[in-house]
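Q:
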Amino acid sequence: MWGEPLPRWGLQGVSALTLHTGTMFTPAGRFRVVALAEAVSWIGLLVGMVFKYATDLGDIGVKVFGPVHGAVFVAYLVVTAITARQLRWSRWSTFWALAASVPPLATLVYERWALRTGKLDDSATQAGIGLALRLRPAA
1 MWGEPLPRWG LQGVSALTLH TGTMFTPAGR FRVVALAEAV SWIGLLVGMV
51 FKYATDLGDI GVKVFGPVHG AVFVAYLVVT AITARQLRWS RWSTFWALAA
101 SVPPLATLVY ERWALRTGKL DDSATQAGIG LALRLRPAA
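Each residue of the sequence shown is one higher than the one before, counting from 1 in the UniProt record's numbering.
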């Protein structure tokens with residue numbers, strides 16, 4: 001116990017299951033997080049528009065969620081393009097992923113479809129390709 005050397009740490013692939021296991025280190029994980037963020041920002045913008053046009057409460061919701069949604073929208077496009085390249089999506093899969101950014105909440109629909117059909121399979125990244133890294137004791 002005392003006097004035993006501390007383990008050396010190496011790198012190993014990580015799955016995109018939860019945030020504490022390194023979701024943001026995999027292409028699929030980044031895509032899933034930004035797809036959810038894009039949908040949430042859409043909801044915020046839509047709620048802000050309801051308050052702006054259907055009530056007399058003003059346009060603070062649109063002033064807040066407009067720029068937020070714009071930034072997340074651009075992030076979704078960039079992350080989708082990178083993910084499509086890293087996971088070798090077909091042109092049609094990439095097209096539909098990008099098109100899903102336009103209708104409200106469609107990014108969630110696409111993300112669920114991509115997960116179900118294996119488009120978000122990180123096995124290539126777990127094999128050592130890409131940015132999927134996690135510290136683990138080396139043998």
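In this text, a Cβ means the ideal position worked out from N, Cα and C, and glycines have one as well.
Let's test the definition: count the other Cβ atoms within 10 Å of the Cβ of D59 and tell me whether it reaches 16, buried, or not, exposed.
A: exposed
Q: Taking Cβ positions, are E111 and V72 nearer each other than 8 Å?
A: For E111 and V72, no; Cβs fall outside 8 Å.
Q: Closer than 6 Å by C-beta to L108: which residues in its own chain qualify, once you throw out the five before and the five after it? Chain order, please.
A: A39
Q: Considering only the alpha carbon of each residue, which of R88, A81 and L105 lies closest to S41?
A: When only C-alpha atoms are compared, the closest one is L105.
Q: Drop a sphere of 10 angstroms on the beta-carbon of R32, count the other beta-carbons inside from all chains shown, and report buried for 16 or more, exposed for fewer.
A: buried
Q: Tell me the DSSP secondary structure of L46 in three-state form.
A: helix
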